[in-house]
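One structure is given below, encoded as structure tokens.
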Amino acid sequence: RPILHGEGIGKRSAGIRGMLVHGPAGVGKSSFLQVVAQECVRTLGSLQVSTLCCSELMSSTTPAQLLSVALVMPKGSAALFLVDELEVLLPVEDGEDNTTSPEARAALAHLKRHLDDLWSGEA
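Okay, so the sequence shown: first residue is 1 according to full-length UniProt numbering, each after it adds one.
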């Protein structure tokens, strides 16, 4: 369900470990998250997934290895983290020719585990 204005934002007891902000390009998703970070007095880190998955580095490094390097954040960090262009790792909808590679699916699973560990304080 959508998060309502002020609901859970910046509150540790709310139990919200992540939020999906989606929409067409150019509607202000990243700008919205910058405002949330400012209002919550948090650092905003970001990871551009498409640069990892489409770079020449991919020939010798798995996406999971690149994501683990990109997601080095201190344990218990109070930062907000933007994973931009996550759809690069998501399965293609039915009826389309492409399918997500096993490496990309593994990278997405690794990213989710890593972020879960960060927010639970186990990283």
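We put the beta carbon where it would ideally sit given N, CA and C, even for glycine. Quantities reported herein were computed from a predicted structural model and do not represent experimental measurements.
Note that the C-beta distance between K29 and V21 is below 8 Å.
In the three-state reduction of the DSSP assignment, L20 falls in the coil class, being assigned neither a helical nor a strand state. For V35, the enclosing alpha helix (DSSP H) stretches over residues K29 to E39.
The bridge partners DSSP lists for L86 come to none.
A straight-line Cα-Cα distance of about 20 Å links G45 and V27.
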